[in-house]
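See structure below.
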Amino acid sequence: MNQKDIVDCFDNVKTTEMQKQKMLDTILASKKGEIIMKQKARFSFAAVAAVVAVLILGTTTVLAMTFGWHDALLSHFNPTPVQMEILVETVGAPNVSVTQDGLTIAVIQTIADSFGVYVLYEVTAEDESFAFPDETWIWARLFTASDSNDGVTVGSDRAIILENHGNRLLVLQHFHSTAPTTSGSVELLIFELQYMSDDWSYDGRILETLFVGEWSLGWELDFANVGKTLLPNADITALEATSTVTKIVISPLSAMIFFEGDSFLPNPSFVNIRKNDETLITFGADSENALFTRVASDGHVGVEHDGTEEAFSQTLLYSFDGIINVNDIESITIGNVTIPMD
């Protein structure tokens, strides 16, 4: 039996609440010796109990155990069994930690994307009486094997506090890069923790420092590519500049679009990803979850040139709010050009 068989099996299992309770009562009664097995009944009670446990616990919980997902990731992404199966090879458990400067930081789980990594980590204050504010900000950077490439731009989304247990935080943070994810050594560097105070300045509420240090954790990342790559070489002319879409990479967690030309695009105002069910995912460089970079031929990011013979490259990375099935995508529209996924 493979993982697909397990998924299909669980999807087809349907029980009522009354049936679940009756089966649970049967298990409990058998433990007390209240059930007398017939002599001819040859079966494994452990096997029966396992099947009943599946029915009682529910598909998602059992699949989480099967595919190794942490409960916090389940709650955040709310994946379907099929999505969990698609991403099973991208989930890792580094099991590394460091203690210094009053904090213990432990990396629990990762999900490697085509152009980034989600890192689930725990931050624990050694002082058990300490309580993290709800609006805690964590400044961190993930160094990957891709950082050695020229022209790589790396960023990170705000750390999302999934759980706050006083002196312990469970944090999910996405680190994205303009270079493809590869297997190799990675290092998570956390260098400051702050919180949003009640004090204000002309720029808004003031961030106050909680902890300052340098917590470094390293491990080996084993990357499995589950995305699709398109090489359309399509000219985009509807965005007030001439540019060519050279490559598109779509994964279940993000979309990455590469542009090249003799002038910078002012701003890719919109991109539409159309699914087979006609629903749209719409985003642009100014959207949330988007990273837009401009790199001149000399490797300087964001430098404007007035010559027309220079070569420029641009990238637009967008992280989806949830998990999508790449096979469900029909086409991608960028400006005035529609590119089919086939």
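The C-terminal residue of the sequence shown carries number 346 in my numbering, and the numbering is unbroken. Ideal placement from N, C-alpha and C gives every residue a C-beta, glycine not left out.
Three-state secondary structure (DSSP) of residue i
| i | result |
| --- | --- |
| His80 | helix |
| Leu166 | strand |
| Glu334 | strand |
| Thr114 | strand |
| Val100 | strand |
| Asp203 | strand |
| Val249 | strand |
| Glu93 | helix |
| Asp239 | strand |
| Ser48 | Residue placement at Ser48 is flagged as unreliable, the pLDDT there being 46, under the threshold of 50; the coordinate-derived value follows with that caveat. Ser48: coil per DSSP, three-state reduction. |
| Ala129 | strand |
| Ala135 | coil |
| Ala149 | helix |
| Val230 | coil |
Residue span of the alpha helix (DSSP H) that contains residue i, given as start and end
| i | result |
| --- | --- |
| Val330 | Per DSSP, Val330 belongs to no alpha helix (DSSP H) and is neither H nor E. |
Limits of the beta strand (DSSP E) - the one that residue i falls within
| i | result |
| --- | --- |
| Pro344 | 341-344 |
| His178 | 172-181 |
| Trp223 | 208-225 |
| Ser160 | 158-160 |
| Phe316 | 316-323 |
Whole-Å CB distance - residue i paired with residue j, under 8 angstroms assumed
| i | j | result |
| --- | --- | --- |
| Val363 | Leu192 | Coverage of the chain is limited to positions 5 through 346, which leaves residue 363 absent and any answer about it impossible. |
| Gly392 | Asp131 | A question about residue 392 goes unanswered here, because the residues of the chain that appear run from 5 up to 346. |
| Thr297 | Thr108 | Not confirmed; about 35 angstroms, so no contact. |
| Leu257 | Ala289 | That pair is no contact at about 19 angstroms. |
Residue i: CB within 8 angstroms of a non-hydrogen atom of the ligand ADP
| i | result |
| --- | --- |
| Leu146 | In the structure on display, the ligand ADP does not appear, and there are no ligands present to speak of. |
- Contact the segment 138-149 vs the segment 161-174: 3+ CB pairs below 8 angstroms: Counting Cβ pairs under 8 angstroms, three or more are found: they touch.
- 3 or more residues per run - each beta strand (DSSP E) lying fully within the segment 257-293: Runs found: 258-265, 275-279, 284-287.
- Message: With three or more beta-carbon pairs closer than 8 angstroms as the criterion, would you say the segment 230-240 touches the segment 192-201?
- Response: Inter-segment contact for the segment 230-240 and the segment 192-201 is absent: fewer than three beta-carbon pairs are separated by less than 8 angstroms.
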